[in-house]
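Student: One structure is given below, represented as structure tokens, and several questions about it will come after.
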Amino acid sequence: MSAVTQSFQKKLDALREQIRHHEYRYYVLDDPELSDAEFDQLMNQLKKIEAEHPEAITPDSPTQRVGGKPREGFVKAKHSSPMFSLDNAYSIEELRDWERRVHELIERDDVEYMCELKLDGMSLVLRYEDGRLAQGITRGDGNIGEEVTSNVRTVRAVPLAVDAAKRKQAGLPADFEVRGEMMMPLASFRRMNEEREAKGLATFANPRNATAGTARQLEPSITAQRRLDYFAYMLLRDGRTIFDRQSETMDALDAAGFKANKNRRLVKSIDEVWEFIEHWETRRETLPYEIDGIVVKVDRTALQNELGFTGKAPRWAIAYKYAARGGITLVEDILVNVGRTGKLTPVAILKPVPIGGTTVSRATLHNLDEVERLGVKIGDWVQVERGGDVIPKLVGVVEDKEHPRGTREFHMPEKCPVCGGHVVRTEGEADHRCVNANCPAKLRESILHFAGRKVMNIDGMGEALVTQLTDRGLVKNVADIYRVTQEDLLKLERMGKKSAENVLREIEASKKLPLERVIFGLGVRFVGERTAQFLAEHFGSLEAVMAASAEELEEVNEVGPRIAESIVEFFAEPRNRELVEQLRQAGLTLAGEKKQRGTQLAGKTFVLTGTLARLTRDEAKKLIEDAGGRVSGSVSKKTDYVVAGEEAGSKLDKAKELGVAVIGEAELEKLVP
Ligand code: IVH
1481 MSAVTQSFQK KLDALREQIR HHEYRYYVLD DPELSDAEFD QLMNQLKKIE AEHPEAITPD
1541 SPTQRVGGKP REGFVKAKHS SPMFSLDNAY SIEELRDWER RVHELIERDD VEYMCELKLD
1601 GMSLVLRYED GRLAQGITRG DGNIGEEVTS NVRTVRAVPL AVDAAKRKQA GLPADFEVRG
1661 EMMMPLASFR RMNEEREAKG LATFANPRNA TAGTARQLEP SITAQRRLDY FAYMLLRDGR
1721 TIFDRQSETM DALDAAGFKA NKNRRLVKSI DEVWEFIEHW ETRRETLPYE IDGIVVKVDR
1781 TALQNELGFT GKAPRWAIAY KYAARGGITL VEDILVNVGR TGKLTPVAIL KPVPIGGTTV
1841 SRATLHNLDE VERLGVKIGD WVQVERGGDV IPKLVGVVED KEHPRGTREF HMPEKCPVCG
1901 GHVVRTEGEA DHRCVNANCP AKLRESILHF AGRKVMNIDG MGEALVTQLT DRGLVKNVAD
1961 IYRVTQEDLL KLERMGKKSA ENVLREIEAS KKLPLERVIF GLGVRFVGER TAQFLAEHFG
2021 SLEAVMAASA EELEEVNEVG PRIAESIVEF FAEPRNRELV EQLRQAGLTL AGEKKQRGTQ
2081 LAGKTFVLTG TLARLTRDEA KKLIEDAGGR VSGSVSKKTD YVVAGEEAGS KLDKAKELGV
2141 AVIGEAELEK LVP
């Protein structure tokens, strides 16, 4: 190596080390030394160097957390030794019984116990080879799990590498395995659910489900956004515990740069265990993540080995489970809340009852199916439980002498309680929705969608401005955007003459955008960017789309009965037709050119896999779609062709398994002369 490259490498190593140090301070110790901006600056510096010298990128570089392509599926991996679950205890008596069995089996009674929080996520194995993170594996059935390495790499509390110095300090070999719990902090969980709610997607019931869903995401960049955390509690080599005591394992994990939960205590009796349990019973409310109990482990490894395992759980550990915090109360009413996407959610109004430190007076019932499943009526007494999350859950109706049944049944309203618009429930779906695009409950969200980059691209019309415009009643539907004057804007906060002019210019420019943008902007359910494009090409004007019957709509590429019905419903609402009229008067582009797509591939479904030599994926997709074909993401019996390039993955195997025709790029091009 020349002197120049040597000093370059040294600088690069130092920069990476510096970033790793600050990641550790922030994500593991929760004690940053730098501001976010300062940290970003370091990271950008490294990204810049690596962009200029891609040959110098290593897999353990801090820039490589979100790398690689989306996965096509997960590969199975065998565990080095089985992953056991834990037996549960629900009272101090059960803990004493457990201790008695331990004493009998090892024939001594001077046992020390490690008390740890029972973190409520999913267990996950990290395998390190030569100090580098080689694999992240889910528990699976305990013997075989799934490899989710690219997702695990996005978790900042998981070190991508443990260097030789740290390993030495911690007493770790070059190849080792860490076991622990991956979980979603409550703040990430709440934010994610809010975002999903806003997009009309199903929300996760609790952080544990959200963690499992996120870990199995095929797109690592999505996992990265969801901010998972990882607490380590086991260290193995060749499937066996490395250290003499669990307490030493936890210290070694700390020393090696892992996050071992610091809320742990080494004790000498079950009375002291109980103290720890009571200590966290109340304080668990203050933790930024959920725990569902306390794990008690015999500290000495030698004793653990003596005690061994029953069929599914170690005899040397037990999980004390906290009781779900719940209570019984009266359902005084069931009201309906209208969300930003128009979803109607029944909400039980409860006689206020204290549960787990707060007063609960409402509980969500999610949808009509849930109301029917529970069989709950107004006037019923119900069991309410609260997990670590803020939203209480109605678990069931109570019926006995003191708690007679209610009599008033709940019905989903036919008209939206906010605007009086039509309420519909699409077949096969659980949710009811208000279809009036002008419904005030949906207003803010629909304006933001309409002004968004992929729709009418009105730069400057973000959250802050839209909130002000809707709060002041200046914008009551998307057409009102085109009536906003400079005078209106100047009355708003943080709005100078210059910005007002810019916004107005952007609004004016949006009128020239093509028909498909307007169709997409209306926010018709299930009509995304692509469908809007197909509709515009097929019908050539919004008027024609509005006049089309469900059958006519189904002639459009990729429009099935569900989408067709949703479009018909949307335009059956007089308010939506009126809205289109207002957009016409405002001067938007409501007509375009009809485009005849080819028919060579009509009715044929393709799946692309691997890297093609000449065409990019997008180009291949366009080629197929322009010829009337359809591109799907996964192989099934309905697939007509799989187009395979270099390094084709599991989709190719699937195609062979199902006997689907596999073709190459050249053959694809022959199909579309
Ligand atoms: S030790 C062989 N320690 O609880 C014993 N588990 O119900 C392995 N868990 O699958 C588990 N926090 O996912 C252990 N501090 C902790 C834990 C913990 C949460 C989970 C783990 C395990 C489940 C058993």
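Residue numbers for the sequence shown follow our numbering, beginning at 1481 and rising by one. Even glycine gets a Cβ: it sits at the ideal position worked out from N, Cα and C. Bear in mind that the values here come from a model prediction, so they are computed numbers and not experimental data.
(1) How is Gly1868 classed by DSSP in three states: helix, strand or coil?
(2) Mind checking which residues open and close the beta strand (DSSP E) that includes Phe2086?
(3) Can you tell me whether Lys2150 is buried or exposed? The criterion is at least 16 other CB atoms within 10 Å of its CB, across all chains shown.
(4) Which whole-angstrom value describes the C-beta separation of Arg2077 and Gly2108, a residue pair presumed to lie in contact below a C-beta threshold of 8 Å?
(5) Comparing the CB of Pro1794 with every heavy atom of the ligand IVH, is any distance shorter than 6 Å?
(6) Between the beta-carbon of Thr1703 and the beta-carbon of Asn1631, is there less than 7 Å?
(7) Taking its Cβ as the centre, do 16 or more other Cβ atoms sit within 10 Å of Asp1493, making it buried, or is it exposed?
(8) Scan the segment 1501-1561 and note each continuous beta strand (DSSP E) run of 3 residues or more that stays entirely inside, going in chain order.
(9) How many angstroms separate the CA atom of Lys1873 from the CA atom of Met1662?
(10) Quick check on Arg1888: buried or exposed, where buried means 16 or more other Cβ atoms within 10 Å of its Cβ?
(11) Can you tell me the Cα-Cα spacing of Val1818 and Leu1954, whole angstroms?
(12) Leaving out five residues before and five after Gly1868 in sequence, what residues of the same chain have Cβ atoms less than 6 Å from its Cβ?
(13) Name, in chain order, the residues that DSSP records as bridge partners for Gly1876.
(14) My output table needs one value for Glu1627: the three-state DSSP class, helix, strand or coil.
(15) Just the Cα atoms here: how many angstroms apart are Ala1692 and Arg1612?
(16) Starting from Asp2106, follow the alpha helix (DSSP H) in both directions and report where the run begins and ends.
(17) Hey, could you find the ends of the alpha helix (DSSP H) Leu2002 is sitting in?
(18) From Asp1567 to Ala1910, what does the alpha carbon distance come to, in whole angstroms?
(19) Using the Cα positions of Ser1603 and Ala1695, report the straight-line distance between them to the nearest angstrom.
(20) With the cut-off set at 7 Å, would you say Gly2067 and Lys1992 are in Cβ contact?
(21) Are the beta-carbon atoms belonging to Ile1438 and Leu1783 less than 7 Å from one another?
(22) Hey, would you say the C-beta of Leu1848 is under 6 Å away from at least one heavy atom of the ligand IVH?
(23) Identify whether Leu1599 lies in helix, strand or coil by the three-state DSSP scheme.
(24) Do Arg1659 and Val1605 have their C-beta atoms within less than 7 Å of each other?
(25) Check each candidate in His1559, Ala1531, Pro1665, Asn2056 and name the one with the smallest Cα separation from Glu1626.
(26) Can you tell me whether Leu1970 is buried or exposed? The criterion is at least 16 other CB atoms within 10 Å of its CB, across all chains shown.
(27) Enumerate in chain order the residues of its own chain whose CB-to-CB distance from Ala1740 is below 6 Å, with the five nearest sequence positions on each side excluded.
(28) Around the C-beta of Ser1515, are 16 or more other C-beta atoms found within 10 angstroms, so that it is buried, or is it exposed?
(29) What number of angstroms, rounded off, separates the C-alpha of Pro2041 from the C-alpha of Leu2033?
(30) Pop quiz: Ile1829 and Val1864 are said to be a contact at Cβ under 8 Å. What is the actual Cβ separation, rounded to whole angstroms?
(31) Compute the Euclidean distance between the alpha carbons of Ala2016 and Ala2044, then round it to the nearest angstrom.
(32) Roughly how many angstroms lie between the CA atoms of Ala1654 and Glu1609, to the nearest whole one?
(33) The ligand IVH and Lys1739: does the residue's C-beta get closer than 6 Å to at least one heavy atom of that ligand?
(34) Are the CB atoms of Ser1565 and Ala1797 within a distance shorter than 7 Å?
(35) Tell me whether Lys1556, by its Cβ, gets closer than 6 Å to a heavy atom of the ligand IVH.
Tutor: In short:
(1) With a pLDDT of 49 at Gly1868, under the threshold of 50, the modelled position of that residue is not reliable, and no figure is offered here.
(2) In the DSSP assignment, Phe2086 falls within the beta strand (DSSP E) that extends over 2085-2089.
(3) Residue burial is scored here from C-beta neighbours: Lys2150 has fewer than 16 other C-beta atoms within 10 angstroms and is therefore classed as exposed.
(4) That pair is a contact at about 5 Å.
(5) Taking the Cβ of Pro1794 as the reference point, at least one heavy atom of the ligand IVH falls within a distance shorter than 6 Å.
(6) In this structure, Asn1631 lies closer than 7 Å to Thr1703 by Cβ.
(7) Exposed, by the Cβ-count rule.
(8) Taking only runs of at least 3 residues, the beta strand (DSSP E) segments lying wholly in the segment 1501-1561 are 1556-1558.
(9) So the two alpha carbons sit approximately 24 Å from each other.
(10) Exposed is the call here.
(11) Those two C-alpha atoms are separated by around 22 Å.
(12) Note on Gly1868: pLDDT 49, under 50, position unreliable in the model; no value is reported.
(13) In the DSSP assignment, the residues bridged to Gly1876 are Gln1863.
(14) Residue state, collapsed to three classes: strand.
(15) Distance from the CA of Ala1692 to the CA of Arg1612, rounded to the nearest whole angstrom, comes to 24 Å.
(16) Under the DSSP assignment, Asp2106 falls in the alpha helix (DSSP H) whose first and last residues are 2097-2106.
(17) Where Leu2002 is concerned, there is no enclosing alpha helix (DSSP H), given that its DSSP letter is neither H nor E.
(18) Approximately 37 Å, taken between the alpha carbons.
(19) Near 11 Å, if we compare the C-alpha coordinates of Ala1695 and Ser1603.
(20) Their beta carbons are not under 7 Å apart, which means Gly2067 does not touch Lys1992 by this criterion.
(21) The structure shown does not extend to residue 1438, since the chain spans only 1481 to 2153, so no value can be given for it.
(22) Leu1848 Cβ: outside cutoff for every heavy atom of the ligand IVH.
(23) Here Leu1599 carries a strand assignment [DSSP, helix/strand/coil].
(24) Closer than 7 Å, so yes.
(25) Residue His1559 is the option with its Cα nearest to Glu1626.
(26) Leu1970 should be labelled exposed.
(27) Around Ala1740: Ala1712, Met1730, Leu1733, Asp1734.
(28) Ser1515 counts as exposed, since fewer than 16 other C-beta atoms from the protein chains shown sit within 10 angstroms of its C-beta.
(29) C-alpha separation (whole angstroms): 9 Å.
(30) Incorrect: roughly 12 Å between the Cβ atoms, too far for contact.
(31) Approximately 14 Å, taken between the alpha carbons.
(32) Between Ala1654 and Glu1609, the C-alpha separation is close to 6 Å.
(33) In this structure, Lys1739 has its CB at a distance of at least 6 Å from all heavy atoms of the ligand IVH.
(34) Contact: no.
(35) No, the beta carbon of Lys1556 sits no closer than 6 Å to any heavy atom of the ligand IVH.
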